[in-house]
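Novice: Residue numbers (this note's numbering), protein chains in the order written: chain U, 23 to 485; chain L, 337 to 551.
We put the beta carbon where it would ideally sit given N, CA and C, even for glycine.
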Amino acid sequence: MPVDRATDGESPCPRDDSNPSPATEDIALNTRHGFFAASFLLMMALATASAPARAVIEIEITQGGDNAIPIAIVPFGGNDPASTPEDVAAIIGSDLQRSGNFSPLNREDLVANPVSGERPRFANWRLTGADFLLVGAVRPDGDGFAVEFQLFDVLQQSLMIGYRFPVTDQTFRSVAHRIADEVYEEILGVPGAFNTQIAFVSVEGRVGDRTYRLELADADGEGAREMLKSPHPILSPSWAPDGVRIAYVSFEDRTRSAIYIQDRERGVRDKVLSKEGINGAPSFSPDGERLAVTLSDGTSPDIFVLDIESGRLTRVTEGGAIDTEAVWIDDDTLVFTSDRSGGPQLYEVSSRGGRAERITFEGKYNASPTVSPDGETVAFVHGVDGRFQIAALDRSSGFFQTLTQGTLDESPTFSPNGQMILYATEKNGRGTLGAVSLDGSVVQSLTLDDGSFREPAWSPYSR
Amino acid sequence: MVPVQPLTPLPDIPFDTPRPDIIMIDPVPTFYFSPERSTRHLPAALVLLVSAFLVGCGSNEIREDIGPPLDANGQPIVQPVTIDGPQTGLEIDPNSLAGRAPQERVIYFDYDQSELRTEFLDIVAQHGRYLAQNPEGRVRLEGHTDERGAREYNIALGESRANTVSRMLQLQGVSSAQIRTISYGEELPVDEGHNSEAWAENRRVNVIYETGVAN
Numbered sequence: 023m024p025v026d027r028a029t030d031g032e033s034p035c036p037r038d039d040s041n042p043s044p045a046t047e048d049i050a051l052n053t054r055h056g057f058f059a060a061s062f063l064l065m066m067a068l069a070t071a072s073a074p075a076r077a078v079i080e081i082e083i084t085q086g087g088d089n090a091i092p093i094a095i096v097p098f099g100g101n102d103p104a105s106t107p108e109d110v111a112a113i114i115g116s117d118l119q120r121s122g123n124f125s126p127l128n129r130e131d132l133v134a135n136p137v138s139g140e141r142p143r144f145a146n147w148r149l150t151g152a153d154f155l156l157v158g159a160v161r162p163d164g165d166g167f168a169v170e171f172q173l174f175d176v177l178q179q180s181l182m183i184g185y186r187f188p189v190t191d192q193t194f195r196s197v198a199h200r201i202a203d204e205v206y207e208e209i210l211g212v213p214g215a216f217n218t219q220i221a222f223v224s225v226e227g228r229v230g231d232r233t234y235r236l237e238l239a240d241a242d243g244e245g246a247r248e249m250l251k252s253p254h255p256i257l258s259p260s261w262a263p264d265g266v267r268i269a270y271v272s273f274e275d276r277t278r279s280a281i282y283i284q285d286r287e288r289g290v291r292d293k294v295l296s297k298e299g300i301n302g303a304p305s306f307s308p309d310g311e312r313l314a315v316t317l318s319d320g321t322s323p324d325i326f327v328l329d330i331e332s333g334r335l336t337r338v339t340e341g342g343a344i345d346t347e348a349v350w351i352d353d354d355t356l357v358f359t360s361d362r363s364g365g366p367q368l369y370e371v372s373s374r375g376g377r378a379e380r381i382t383f384e385g386k387y388n389a390s391p392t393v394s395p396d397g398e399t400v401a402f403v404h405g406v407d408g409r410f411q412i413a414a415l416d417r418s419s420g421f422f423q424t425l426t427q428g429t430l431d432e433s434p435t436f437s438p439n440g441q442m443i444l445y446a447t448e449k450n451g452r453g454t455l456g457a458v459s460l461d462g463s464v465v466q467s468l469t470l471d472d473g474s475f476r477e478p479a480w481s482p483y484s485r
Numbered sequence: 337m338v339p340v341q342p343l344t345p346l347p348d349i350p351f352d353t354p355r356p357d358i359i360m361i362d363p364v365p366t367f368y369f370s371p372e373r374s375t376r377h378l379p380a381a382l383v384l385l386v387s388a389f390l391v392g393c394g395s396n397e398i399r400e401d402i403g404p405p406l407d408a409n410g411q412p413i414v415q416p417v418t419i420d421g422p423q424t425g426l427e428i429d430p431n432s433l434a435g436r437a438p439q440e441r442v443i444y445f446d447y448d449q450s451e452l453r454t455e456f457l458d459i460v461a462q463h464g465r466y467l468a469q470n471p472e473g474r475v476r477l478e479g480h481t482d483e484r485g486a487r488e489y490n491i492a493l494g495e496s497r498a499n500t501v502s503r504m505l506q507l508q509g510v511s512s513a514q515i516r517t518i519s520y521g522e523e524l525p526v527d528e529g530h531n532s533e534a535w536a537e538n539r540r541v542n543v544i545y546e547t548g549v550a551n
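1. Please go through the same chain and pick out, in chain order, the residues whose beta-carbon is closer than 7 Å to the beta-carbon of Arg-487 (chain L), but skip the five residues on each side of it.
2. Out of U:Gly-420, U:Pro-395, U:Asn-123, U:Gly-385, point me to the one whose CA is closest to Leu-411 (chain U)'s CA.
3. Compare the Cα-Cα distances from Leu-368 (chain U) to each of U:Thr-193, U:Asp-329, U:Gly-420 and report the closest residue.
4. If you draw a straight line from the alpha carbon of Ala-534 (chain L) to that of Pro-366 (chain U), how long is it in whole angstroms?
5. Distance check for Gly-376 (chain U) and Thr-336 (chain U), CA to CA, integer angstroms please.
6. Can you pull the chain L neighbours of Ile-344 (chain U), defined as C-beta to C-beta under 9 Å?
7. Starting from Tyr-444 (chain L), find everything on chain U with Cβ-Cβ shorter than 7 Å and list it in chain order.
8. Answer with yes or no whether the minimum CB distance from Asn-542 (chain L) to chain U is below 9 Å.
9. Hey, out of L:Leu-505, L:Val-442, L:Ala-437, whose CA is closest to Glu-478 (chain L)'s CA?
10. With a cut-off of 9 Å, does the C-beta of Ala-314 (chain U) fall near any C-beta of chain L?
11. Between the segment 499–520 of chain L and chain U, which residues of the former have CB atoms less than 9 Å from a CB of the latter, in chain order?
12. Flag Arg-471 (chain L) as yes if its beta-carbon sits less than 9 Å from any beta-carbon of chain U, otherwise no.
13. In the DSSP assignment, what are the bridge partners of Asn-388 (chain U)?
14. Against chain U, does Arg-484 (chain L) count as a neighbour if the rule is that its beta carbon must be under 9 Å from one of theirs?
15. Please list the partners that Ile-300 (chain U) has in chain L, where partner means a Cβ-to-Cβ separation under 7 Å.
16. How would you list, in chain order, the residues of chain U whose beta-carbon sits under 8 Å from the beta-carbon of Leu-467 (chain L)?
17. Looking at the secondary structure, which residues open and close the alpha helix (DSSP H) in which Phe-144 (chain U) lies?
18. In this structure, how does DSSP classify Ser-373 (chain U) when only helix, strand and coil are distinguished?
19. Does any residue of chain L have a CB that is nearer than 9 Å to the CB of Thr-336 (chain U)?
20. Looking at the secondary structure, which residues open and close the beta strand (DSSP E) in which His-530 (chain L) lies?
21. Tell me whether Glu-528 (chain L) is buried or exposed, calling it buried when 16 or more other Cβ atoms sit within 10 Å of its Cβ.
22. Are the beta-carbon atoms belonging to Leu-238 (chain U) and Lys-251 (chain U) less than 9 Å from one another?
23. Mind checking whether Phe-194 (chain U) and Ala-168 (chain U) have CB atoms under 9 Å apart?
24. Report the three-state DSSP secondary structure of Leu-132 (chain U) (helix, strand or coil).
25. What are the boundary residues of the beta strand (DSSP E) that Ala-111 (chain U) is part of?
26. Give me whichever residues DSSP pairs with Pro-3 (chain U) in a beta bridge.
27. When DSSP labels each residue in this structure, what does Thr-346 (chain U) get in the three-state scheme?
28. Quick one, which of L:Asp-446, L:Arg-503, L:Glu-483, L:Gly-464 has its alpha-carbon nearest Gln-439 (chain L)'s?
29. Helix, strand or coil for Leu-425 (chain U), going by three-state DSSP, please let me know.
30. Could you tell me whether the Cβ of Thr-359 (chain U) comes closer than 9 Å to any Cβ of chain B?
31. Taking 9 Å as the CB-CB limit, is Arg-476 (chain U) close to chain L?
32. Could you name the residues of the segment 386–420 of chain U whose beta carbon sits closer than 7 Å to any beta carbon of chain L, in the order they occur along the chain?
33. Locate the alpha helix (DSSP H) running through Leu-210 (chain U), then write down its first and last residues.
34. According to DSSP, which residues form a beta bridge with Pro-126 (chain U)?
35. Mind listing the chain L neighbours of Val-205 (chain U)? Cutoff is C-beta to C-beta under 8 Å, in chain order.
36. Counting C-beta neighbours from all protein chains within 10 Å, is the total for Val-386 (chain L) 16 or more, i.e. buried, or is it exposed?
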């Protein structure tokens with residue numbers, strides 16, 4: 023439906039004339055793209071150079087999705103590098119592309135630069151092959167800015183959603199991820215997981231002179247920041263369902279290991295267990311009130327459940343075999359690793375103890391389970407012919423599938439929307455992270471610019 | 337909190353209802369481990385608490401409330417930590433009691449196994465006889481694995497290896513009070529290579545004599 027240019031003048035979102043944003047649907051404005059892209063690259067270079075965070079994480083998409091949806095993402099009007107810190111459209115495009123589900127158009131292929139509040143000329147956008155069109159603007163809002171966006175269905179020529187977010191310099195990236203989440207969910211019907219975080223352990227230096235760090239980064243690898251720094255091993259970060267507390271194992275006491283729960287907002291931590299022998303494999307229950315742990319106390323490793331508030335321990339497994347790596351399927355059920363049958367295999371057991379039921383039968387080595395947010399899928403380390411890869415088991419159908427092709431893949435963790443599995447792997451002698459979609463079709467690689475990555479833990483959705 | 341508002345709709349195009357508030361991401365505080373720095377920047381009561389746990393005090397449950405040390409501008413100070421690594425500072429005097437203990441102090445294991453290999457039975461027995469004859473002797477058994485497979489399973493496997501050696505020592509009459517075990521799993525390899533020779537070197541229990549160190 024052609025719309026008279028005069029309609030633009032009646033836009034409920036008047037543009038600030040001082041903004042050098044691409045303003046009208048005019049193909050002649052394409053030169054502005056070049057200018058904007060160049061300034062954007064410069065801006066990103068400066069932002070990277072001056073970033074306070076130590077770790078720089080690069081994400082490389084090594085294999086894209088088969089049926090990626092073409093989407094046009096227009097640089098947001100008023101998103102001037104001089105006054106606003108981040109290129110919102112670029113962040114959204116990068117998020118959507120990394121999911122493997124979307125194929126954002128190159129900026130030079132955009133036919134125009136509409137902003138939110140204008141009616142796009144859908145006929146022109148059809149020619150680009152884009153199924154969807156995302157436009158937006160950064161506009162003055164009180165003392166600061168607001169970011170707004172509108173998502174259009176190009177074929178239906180209709181508006182799908184549009185929101186406005188007040189934003190500060192500190193929340194620019196977060197708001198961009200949030201918009202990517204909205205677009206992802208609106209089109210695919212599945213919540214996005216872009217506005218989430220990853221906890222991981224990084225290691226620098228050689229044995230005897232190592233620095234271990236527990237770090238947090240945004241899900242796109244940006245903004246890495248330390249939670250803990252130690253010359254002694256740090257292991258097994260595990261998120262509480264509140265997205266605020268993280269449990270982990272630290273060997274900082276030297277004579278014995280200990281399990282800590284650290285609150286990333288308040289900057290306090292509790293040492294919750296430090297017994298003789300193993301204090302390992304903490305995992306928060308879905309209700310956030312209990313911690314499954316491994317203790318040995320001078321005998322063989324067994325699973326216990328710690329009531330965090332009271333400190334009361336309940337034994338779940340017993341016997342001379344190794345039982346460890348318990349994670350929760352729901353508030354009453356655990357899946358864990360045991361070598362009671364000879365080699366490590368996965369078992370399910372009630373969190374109150376009792377008979378454990380073996381669930382893996384493929385191969386001689388299945389360990390380090392992690393459970394999808396819906397509880398349907400268990401991913402784990404599967405060892406076969408000296409290679410250790412990430413595999414997934416559908417609990418109801420028993421369908422088993424190997425997802426990765428590495429030789430030293432370990433520590434799988436689900437994205438909170440259950441669509442991707444992040445895991446630790448080894449590349450050129452260094453620990454890196456890989457990400458794979460649950461159908462194995464999308465593969466990414468994340469590397470740290472110095473040091474090695476291990477033990478990723480993808481956050482739940484924040485409160 | 338950043339409120340979310342629906343955009344004013346374009347003429348004749350409906351908008352969805354607003355979504356919940358987005359979550360602010362706050363800066364993350366960092367913990368540092370340096371007794372030297374702790375004493376410089378922390379209140380005295382906290383220093384006592386920290387020192388107590390650094391030397392391994394008896395309590396299992398210590399509540400800490402320690403933020404990172406701050407500079408004059410209130411910014412967190414970041415500097416390297418100074419605690420020795422776990423494999424340094426353990427040198428023993430060759431003339432001490434432990435210095436005369438059996439010199440072969442590494443027991444190697446097969447892949448995914450915690451049973452003693454027959455060639456190490458005699459070495460473990462020598463340590464057992466020595467410790468049984470010297471009840472004041474203290475030993476720490478550090479279990480290790482190679483890098484393959486799951487980290488926490490490897491912690492458990494290393495513990496099983498240390499426990500195997502511990503049981504053998506106790507069969508020789510060594511008191512359990514003389515023995516302490518700890519497993520580092522795959523965290524502290526002696527050879528950082530990714531090949532079978534490195535892995536064989538790393539699947540081990542280190543027998544470490546701790547003269548004068550109370551359990």
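Specialist: On the basis of the data shown:
1. So the qualifying residues of the chain are Gly-521, Glu-522.
2. In the sequence as presented, Leu is not what sits at residue 411 (chain U); that position holds Gln. Relative to Gln-411 (chain U), the option among U:Gly-420, U:Pro-395, U:Asn-123, U:Gly-385 whose CA is nearest is U:Gly-385.
3. Ranking the options by Cα distance to Leu-368 (chain U), first place goes to U:Gly-420.
4. One C-alpha to the other measures close to 22 Å.
5. In this structure, the alpha-carbon of Thr-336 (chain U) lies about 12 Å from that of Gly-376 (chain U).
6. Neighbours of Ile-344 (chain U) on chain L, chain order: Ser-450, Tyr-489, Ala-492, Leu-493, Glu-495, Ser-496.
7. In chain order: nothing, as chain U lies at least about 17 Å away.
8. With its beta carbon at least 9 Å from every one in chain U, Asn-542 (chain L) lies outside the interface.
9. Between Glu-478 (chain L) and the set L:Leu-505, L:Val-442, L:Ala-437, the nearest pair of CA atoms involves L:Val-442.
10. Taking Cβ atoms only, chain L never reaches closer than 9 Å to Ala-314 (chain U), which makes this a no.
11. In summary, the residues of the segment 499–520 of chain L whose CB is separated from some CB of chain U by less than 9 Å are Asn-499, Ser-502, Ser-512, Arg-516, Thr-517, Ile-518, Ser-519, Tyr-520, in the order they occur in the chain.
12. One point to set straight first is that residue 471 (chain L) is Pro, not Arg, in the sequence displayed. Put simply, the CB of Pro-471 (chain L) is far from chain U, with every gap to its CB atoms at 9 Å or more.
13. According to DSSP, which records beta bridges pairwise, Asn-388 (chain U) is partnered with U:His-404.
14. True, the Cβ-Cβ gap to chain U drops below 9 Å.
15. Neighbourhood of Ile-300 (chain U) in chain L, by CB distance below 7 Å: Ile-491, Ala-492, Glu-495, Ser-519, in chain order.
16. In chain order: nothing, as chain U lies at least about 17 Å away.
17. Run containing Phe-144 (chain U): 144–149, per the alpha helix (DSSP H) assignment.
18. In the displayed model, Ser-373 (chain U) falls within coil according to three-state DSSP, outside both helix and strand.
19. Not one chain L Cβ lies under 9 Å of Thr-336 (chain U).
20. No beta strand (DSSP E) holds His-530 (chain L); DSSP gives it neither H nor E.
21. When all chains shown are included, Glu-528 (chain L) counts as exposed.
22. Leu-238 (chain U) is not a Cβ neighbour of Lys-251 (chain U), given a cutoff of 9 Å.
23. By the CB criterion at 9 Å, Phe-194 (chain U) and Ala-168 (chain U) fall outside the cutoff.
24. The answer is coil: DSSP assigns Leu-132 (chain U) none of H, G, I, E or B.
25. Taken as a continuous stretch (DSSP letters only), Ala-111 (chain U) belongs to no beta strand (DSSP E), being part of the alpha helix (DSSP H) at 110–120.
26. In the structure as shown, chain U starts at 23 and stops at 485, and residue 3 (chain U) therefore has no counterpart that could be examined.
27. In the three-state scheme derived from DSSP, where H, G and I count as helix and E and B as strand, Thr-346 (chain U) is classed as strand.
28. Ranked by how close their Cα comes to the Cα of Gln-439 (chain L), the residues L:Asp-446, L:Arg-503, L:Glu-483, L:Gly-464 have L:Gly-464 in first place.
29. Leu-425 (chain U): coil per DSSP, three-state reduction.
30. The structure shown has no chain B; the protein chains it does contain are U and L.
31. Taking Cβ atoms only, chain L reaches closer than 9 Å to Arg-476 (chain U), which makes this a yes.
32. Residues of the segment 386–420 of chain U with a Cβ closer than 7 Å to any Cβ of chain L, in chain order: Tyr-387, Ala-389, Ser-390, Val-403, Gly-405, Phe-410.
33. 194–210 is the span of the alpha helix (DSSP H), which, as asked, contains Leu-210 (chain U).
34. The partner list for Pro-126 (chain U) (beta bridge, DSSP) reads U:Ile-93.
35. Simply none; closest approach about 12 Å.
36. For Val-386 (chain L), the predicted model reports a pLDDT of 38, less than 50, meaning its position is unreliable; a value from the coordinates is still stated below. Counting the other Cβ atoms within 10 Å of the Cβ of Val-386 (chain L) gives 16 or more, which makes it buried.
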